[in-house]
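Have a look at the structure below, then the notes.
Residue numbers (this note's numbering): 1238 to 1568.
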């Protein structure tokens, strides 16, 4: 239940992030057009991020973050005009700041929930605990999607830096709490792959075990010739009273012969399984180099999935290029 609640929370967070991203993204703004200072106080949302006259102010604040105080812009051109709009900046940043606070709470709760489940349950079987396993994987994937989507907002550090400065102008006592809440989120995005590896190190054994159990299902979904021969791609095919099993359909047969699952259920879940594999290997890349000593077959799965997928959807129109992400991680 906790996994489902947190997964729903992640979907809400990404919807809100999508709205904010559409407003503060440089690509959606006339960045070459100078915005008149008075427009900031006349309802132009996030104008402080795109006003050309504040370019030096923004650059200085971003470089100094998180060490920003009332004297940070003492010798920067446009500082006085920028400081005069502090209340408007904070009003514009309210929604984004609320999202950042919620992401911090979501990240902590998700990690705690996943750790409790994974460490308290020594053995998982796909055929016996499918509902729980899907919920655990969905939350694990949702965590990574939220951070990938946050990382895609290029202007996030600039916006947060401006917000810290505005807070110092309005109420300096509230600044340290805000910095403590958001600085770690921005730090995680500077090397997002390292963040995932460090965060989910406790899931390494669990993911290795589960990838081994997903091999048959993924092999079935990617082996169209075998599916045709079995008749499962025939539109008038009807399941018999004895459900078809992967044990009968997958050649060569891989994995535990006692772990029988319904082939139709597994086919319907194949798209989710692809994402489970990719995110698992991004979070625990050591699984790829332990093939010789482990039966998880992570390298086999990696080849099979990446040969059939170029991109992985994060949220709406934002996707990851799978091959590029693994190249980044390896450098």
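The beta-carbon is built from N, C-alpha and C at its ideal position, and this holds for glycine as well.
| Asked | Found |
| --- | --- |
| Spatial distance of residue 1353 from residue 1554 (CA atoms) | 33 Å |
| With 16 other Cβ atoms within 10 Å as the buried cut-off, status of residue 1576 | The structure shown does not extend to residue 1576, since the chain is modelled only from 1238 through 1568, so no value can be given for it. |
| Beta-carbon proximity check, residue 1300 vs residue 1310, cutoff 9 Å | no |
| Inter-stretch contact at 8 Å, needing at least 3 Cβ pairs: the stretch 1386-1406 / the stretch 1321-1335 | yes |
| Beta-carbon gap between residue 1319 and residue 1360 smaller than 9 Å | no |
| Neighbourhood of residue 1519 by C-beta distance below 8 Å, restricted to the same chain and skipping five residues each side | 1381, 1430, 1433, 1562, 1563 and 1566 |
| Nearest to residue 1506 (by Cα), restricted to the options 1551, 1375, 1427 and 1384 | 1375 |
| Alpha-carbon to alpha-carbon, residue 1378 and residue 1512 | 8 Å |
| At least three beta-carbon pairs within less than 8 Å, the stretch 1540-1548 to the stretch 1242-1249 | no |
| Secondary structure, alpha helix (DSSP H): runs of 4+ residues fully inside the stretch 1328-1394 | 1367-1388 |
| Where residue 1321 sits in the DSSP three-state scheme | coil |
| Residue 1287 versus residue 1439 - alpha carbon distance | 42 Å |
| For residue 1558, the residue or residues it bridges with in DSSP | 1548 |
| Other residues of its chain near residue 1407: CB distance less than 8 Å, five sequence neighbours each side excluded | 1323, 1324 and 1327 |
| Residue range of the alpha helix (DSSP H) that includes residue 1445 | 1441-1459 |
| Own chain residues within Cβ distance below 7 Å of residue 1550, not counting five before or after | 1556 |
| Closest residue to residue 1213 among 1537, 1410 and 1344 (Cα-Cα distance) | Nothing can be reported for residue 1213: it is not among the residues displayed for the chain, which extend from 1238 to 1568. |
| Classification of residue 1368 by the beta-carbon crowding that lies within 10 angstroms, buried from 16 upward | exposed |
| Closest residue to residue 1260 among 1247, 1285, 1339 and 1246 (Cα-Cα distance) | 1285 |
| Buried versus exposed call for residue 1517 [16 or more other C-beta atoms within 10 Å across all chains shown] | buried |
| Euclidean distance between Cα positions of residue 1388 and residue 1412 | 23 Å |
| C-alpha distance - residue 1341 paired with residue 1248, whole-angstrom precision | 15 Å |
| DSSP state of residue 1428 mapped onto helix, strand, coil | coil |
| Spatially closest choice to residue 1415 from 1503, 1304 and 1445, by CA coordinates | 1304 |
| Rounded C-alpha distance that separates residue 1515 from residue 1362 | 20 Å |
| Endpoints, alpha helix (DSSP H) assigned at residue 1509 | 1507-1520 |
| Residue 1548 burial status per 10 Å Cβ neighbour count (16 or more: buried) | exposed |
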